[in-house]
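*Asks:*
Residue numbers (the working numbering): 3 to 209.
1) Give the straight-line distance between the Cα atoms of residue 182 and residue 199, rounded to the nearest whole angstrom.
2) Taking C-alpha atoms, which residue in 194, 133, 118 lies nearest to residue 173?
3) Within 10 Å of its beta-carbon, does residue 144 have 16 or more other beta-carbons around it, so buried, or fewer, so exposed?
4) In its own chain, which residues sit with a C-beta less than 6 Å from the C-beta of residue 76, not counting the 5 before and 5 after it?
5) Indicate whether residue 96 and residue 102 have their beta-carbon atoms separated by less than 7 Å.
6) Can you give me the C-alpha to C-alpha distance between residue 56 and residue 74, rounded to a whole angstrom?
7) Excluding five sequence neighbours on each side, which residues of the same chain lie with their C-beta closer than 7 Å to the C-beta of residue 175?
8) For the alpha helix (DSSP H) holding residue 195, just list the boundary residues, first then last.
9) If you draw a straight line from the C-alpha of residue 201 to the C-alpha of residue 106, how long is it?
10) Enumerate in chain order the residues of its own chain whose CB-to-CB distance from residue 44 is below 6 Å, with the five nearest sequence positions on each side excluded.
11) Kindly indicate which three-state DSSP category residue 33 falls into: helix, strand or coil?
This is the structure:
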């Protein structure tokens, strides 16, 4: 199991932990519902119904709605767990002071997280036009990824420049998905392909 996948498991366990008996039961039910939603998505259902989620979690539909007022509330909790799992990977200190090496390291981290989060990213991408929360969350993630890139890149390659936008696209989840699913590259080959694309853009800076 990858570091990213292990982090999800740990985050879900933490979600269900409480020393208070009644609160522990409530948190356990919430955790089961979130886990059920994630399991169904990972199993290939991009838009699980609340009835399917409740059945998978082993709770009644009325119980599900006591814990979550609507599906967006479940997405919100799921996103919080994914962020808790992945943020330490993305935000860990870099091993080099050189921006080029930091960028290559960020590519490796992003690809690792993309690998682990792919079912959820694909599902929520499909659903975001029907969900105000998901639409806003995608914009937040996009803005955060741009800011993180800009914190590494020299000003000539910031994401508001043509070359910077090329790097942004090369490192995007959509590019990762195309290489992994449409081009059928392995995880390692995908990392190297993204590094090659980004390296080619950087080389144009020195021309």
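Cβ atoms here follow ideal geometry from the backbone N, Cα and C, with glycine treated the same way.
*Replies:* Based on what the coordinates show:
1) Going by the C-alpha atoms only, they are around 15 Å apart.
2) Of the candidates 194, 133, 118, the one whose C-alpha sits nearest the C-alpha of residue 173 is 194.
3) Exposed is the call here.
4) So the list reads 39, 70, once near-sequence residues are dropped.
5) Contact annotation: residue 96 and residue 102 have beta-carbon atoms that are not nearer than 7 Å.
6) Rounded to whole angstroms, the separation of the alpha carbons of residue 74 and residue 56 is 15 Å.
7) Around residue 175, the same chain offers 116, 123 as residues with beta carbons nearer than 7 Å, after the five sequence neighbours per side are excluded.
8) Per DSSP, residue 195 belongs to the alpha helix (DSSP H) from 189-207.
9) Between residue 201 and residue 106, the C-alpha separation is close to 9 Å.
10) So the list reads 121, once near-sequence residues are dropped.
11) Correct three-state label for residue 33: helix.
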